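Participant: The sequence shown: position 147 = 134 (the working numbering), numbered continuously.
Note that beta-carbon positions come from the ideal geometry of N, C-alpha and C, so glycine has one too.
Computed from a predicted model, the values in this text were never measured in an experiment.
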Amino acid sequence: MTKVFVPGSFDPMHLGHLDVVDQAREIFGEVVVGILHNPSKPSGMFSVDERVALARATVADRTHVTVSAFTGLAVQAAAEAGTSIIVKGLRTASDFDIEQQMAQNNVALTGVRTVFVPCRPDLAFISSRFIREISANGVSVAHMVVPEVERALAAKHGER
Ligand code: PNS
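(1) What's the call for A142, buried or exposed, on a 16-neighbour Cβ count within 10 Å?
(2) Quick one: residues with CB closer than 5 Å to any heavy atom of the ligand FMN, in chain order, please.
(3) Within the same chain, show all residues whose beta-carbon is closer than 6 Å to that of V19, passing over the 5 residues directly before and after it, in chain order.
(4) What residue from I14, N93, R12 and H1 has the CA that sits closest to A44's CA?
(5) For H144, collect the residues of the same chain with a Cβ closer than 7 Å to its Cβ; drop the 5 residues on either side in sequence, then sort them by chain order.
(6) List the residues that DSSP assigns as beta-bridge partners of G76.
(7) Taking all protein chains shown into account, decide if M32 is buried (16 or more other Cβ within 10 angstroms of its Cβ) or exposed.
(8) For the stretch 63 to 80 against the stretch 95 to 114, do three or more pairs of beta-carbon atoms, one drawn from each stretch, fall closer than 8 Å, so that the two count as touching?
(9) Where does K143 sit, in a helix, a strand or coil, going by DSSP?
(10) Starting from G21, trace the beta strand (DSSP E) both ways and give me its first and last residue.
(11) Is P26 helix, strand or coil when you go by DSSP?
(12) Determine the contact status of N93 and V62, defining contact as a CB-CB distance below 7 Å.
(13) Where DSSP assigns a beta bridge to V(-7), which residues make up the other side?
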């Protein structure tokens, strides 16, 4: 069994992310999901602690999958998680452009390798950004997230 690191903002985790975790688990055996800050994105909707809780709820019935928050670079987080392999999901060609550059930086920095998995076609339209936008307007996102995340989104919008 090989341990791999699946990093992301996960604001919040959705079924597309879950598919990437499942693919990584199927191929390698053990997955650490890492909640990381993406400096190119605004501060986000959920706190890091909330994102961890929602990601844990999303992967709750999976064995050999853990979720933690990390600070710093993805390569530092992967090392802290005890692996030198990152797994990322790709939805579109534009995903590939940025992901390839990050992967090349990461291997140049510490030798960490990135393995890309194509996302399931029926889940390719899902993104955390659109989930936040759709749910903010009172429309159900039940087809994109687990029930715990849908409830947390509804509660978050109720707070506003
Ligand atoms: O879910 P996202 O927002 O696509 O995840 C992107 C994330 C958080 C994995 C990426 O921004 C990242 O790795 N951030 C950590 C900082 C880092 O390692 N930057 C180096 C880029 S070469």
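Facilitator: Once the coordinates are examined:
(1) Working through the sequence shown from its first residue, we reach residue 142 at position 155. So A142 counts as exposed.
(2) Questions concerning the ligand FMN fall outside what the structure shown contains, since the ligands it does hold are the ligand PNS.
(3) Taking the first residue of the sequence shown as 1, we reach residue 19 at position 32. Within the same chain, V19 has close Cβ partners F(-8), T53 and A68.
(4) Position 57 of the sequence shown, counting from 1, holds the residue named residue 44. Among I14, N93, R12 and H1, the Cα nearest to that of A44 is on H1.
(5) As a working note, residue 144 is residue 157 in the sequence shown. Here the set comprises S122 and A123.
(6) In the sequence shown, counting from the first residue as 1, residue 76 sits at position 89. Looking at the DSSP assignment, G76 forms a beta bridge with V104.
(7) Stepping through the sequence shown from its first residue, residue 32 is reached at position 45. Result: buried.
(8) yes
(9) Position 156 of the sequence shown, counting from 1, holds the residue named residue 143. The answer is helix: DSSP assigns K143 an H, G or I state.
(10) Stepping through the sequence shown from its first residue, residue 21 is reached at position 34. Its beta strand (DSSP E) spans residues G16 to I22.
(11) Counting from 1 along the sequence shown, the entry for residue 26 is found at position 39. Looking at P26 - three-state DSSP - the assignment turns out to be coil, as it is neither helix nor strand.
(12) Here the question's residue 93 lines up with position 106 in the sequence shown. Here the question's residue 62 lines up with position 75 in the sequence shown. In this structure, V62 lies closer than 7 Å to N93 by Cβ.
(13) For the purposes of this step, residue -7 is taken as residue 6 along the sequence shown, with counting starting at 1. For V(-7), which the question treats as bridged, DSSP gives the partners V20.
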